[in-house]
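At position 188 of the sequence shown the residue is numbered 440 (my numbering), and the sequence of numbers has no breaks.
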Amino acid sequence: MPTPLLFASFAPKTLEPNLSIGNKFIRLLEKLDLASTVSGRRVAIKMHLGGGGGFSTIHPFFVRKLVRAVKDAGAAEVFVTDLYRDTVDAIDRGYTEEVFGCPIVPVCNEKDDNFRTFPVEPPFLTMDRIELGTPILEADVLLDFSHVKGHGVCGFGGASKNLSMGTVTDKMRQILHSLEGGLVWDEEKCIHCNACVENCPNHAMKFEDGKLDVFYHNCKFCQHCALICPVKAVHMTAGGYLDFQRGMAMTSAKLLENFPGDRKLFINMLMDTTIFCDCWSMTTPRLIPDIGILAGRDIVAIEQATLDLIDSAPLIPGALPANWDLDPDESKHLFERIHHKDPYAVVKYLAELGCGSREYVLNEVE
Ligand code: SF4
Ligand code: SF4
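In structure tokens form, the structure reads like this:
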């Protein structure tokens, strides 16, 4: 039987305040029957708070309304959580405890040492463990509140990426990214513009005697250098993005084991859908018109529906940088045409791991 999902369309049928997305979101929360999930329980809301000059993360309006609804539904405690580094300048996006109405708790704290380790047996390639932040594991209910956008490494970021890359230690993110392979520099192609060095968020690159040197201790395999290079002189080896997707799915699945039955909820915000992840510290033009909001209790169904809705939306002219290598094959998903990686892979792996169903039915919230 298809999994039911709630869907609030951004587009109002008529221009009335009551039919706008903010008011639809409130009605969507009412329909979720939050009380049966959160009453008397400790609730962790996992968000990506973004960073730097970016501002296309989830608008504080929605966070505040969600926290209010969770409290009104009888939660014993509620907090918003994200990586420590993204909590530091969260105020720049209007994210404060006063605005939210609840504490903001770092996933693994400043020293990145507040986590629990789960062995992966047998290891998956080089991934021999999963390190998950303790605060989220100590919650009774997980509310995965995700801004959906493109992603250079895995095609897109939604509910699964919010968990697998955003509830773990820095070391764990490095383990996941390293599933993709290593960096290769093509000296013949390089024009020594230094863009890769200047745009590495982890100061992992430098030129030494004219040769590009990668300090892998710092490298998080984020591929910013490969994507920013104007002549494609840097790339990852092995093309192992499918291994990365599988590693992400395994990490999400391990976290979700902690929240059996009704103790988890997923809300995907399909608006301000930009080309790259919010960790890029920038906001770029929207790729597609704002779609709306999906909510449900099945991570597989919500990710599948998210990708299907995005694929049916038109690419906004001028949304991509000039000369972007857009695959002309319109039968492929929009994110695959942009990032050359099948975004459905993680959905397939999550389904194989027993996290949910790819069959869904949308129930529209008017
Ligand atoms: S992959 Fe990311 S962290 Fe590693 S060198 Fe390139 S930009 Fe820096
Ligand atoms: S961005 Fe590309 S062309 Fe520029 S220095 Fe780095 S590798 Fe060379």
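By construction, the Cβ of each residue, glycine as well, lies at the ideal position given by its N, Cα and C atoms. Nothing here was measured: the structure is a model prediction, and the numbers come from that model.
Can you tell me whether DSSP reads residue i as helix, strand or coil?
i	result
N454	coil
A327	strand
N414	helix
D422	helix
H403	strand
H476	helix
N275	helix
M521	strand
H591	helix
L546	strand
E282	helix
K463	strand
K600	helix
F367	strand
R316	helix
W532	helix
V613	strand
E350	helix
H311	coil
R498	helix
V393	strand
I356	strand
V483	coil
S583	coil
E440	coil
E555	helix
D334	strand
S564	coil
Using 6 Å as the cut-off, classify the Cβ of residue i as near or not near the heavy atoms of ligand 1, replying yes or no.
i	result
C360	no
Q475	yes
C452	yes
M417	no
M457	yes
V466	yes
Please determine whether the Cβ atom of residue i lies at a distance below 6 Å from any heavy atom of ligand 2.
i	result
H444	yes
C448	yes
V483	yes
V486	yes
Assuming residue i contacts residue j under a Cβ cut-off of 8 Å, what Cβ separation, rounded to an integer in Å, is found between them?
i	j	result
A296	L395	7 Å
D334	G418	6 Å
F307	R345	6 Å
P387	V420	About 12 Å separates the two Cβ atoms, so there is no contact after all.
F262	K317	The Cβ separation is near 16 Å, so there is no contact.
G608	I551	5 Å
W477	M457	Per the sequence presented here, residue 477 reads as Cys, with Trp not at that position. Indeed they touch by this definition, with Cβ atoms about 6 Å apart.
F511	V599	Not a contact, Cβ separation roughly 19 Å.
A260	V617	4 Å
H403	H591	7 Å
E432	V405	7 Å
I343	H399	That pair is no contact at about 18 Å.
I568	R538	6 Å
Within the 7 Å Cβ cut-off, does residue i reach chain D?
i	result
L435	Within the model displayed, chain D is absent; a lone protein chain is all it includes.
At a cut of 8 Å, does the stretch 290 to 303 reach the stretch 390 to 410 through at least three beta carbon pairs? yes
Using 8 Å as the cut-off, can you tell me whether the stretch 278 to 292 makes contact with the stretch 310 to 325, which would need three or more C-beta pairs spanning the two stretches below that distance?
yes
message = Under 8 Å: do the stretch 559 to 579 and the stretch 373 to 385 share three or more Cβ pairs, one atom per stretch?
response = no
- Do three or more CB pairs link the stretch 520 to 533 to the stretch 494 to 501 at distances below 8 Å? no
*Report yes or no: do the stretch 477 to 492 and the stretch 433 to 444 share at least 3 C-beta pairs separated by less than 8 Å?*
yes
Q) For the 8 Å Cβ check, are there 3 or more pairs between the stretch 500 to 520 and the stretch 538 to 557? A) yes
Would the stretch 599 to 612 count as touching the stretch 577 to 589 if we require 3 or more Cβ pairs under 8 Å? no
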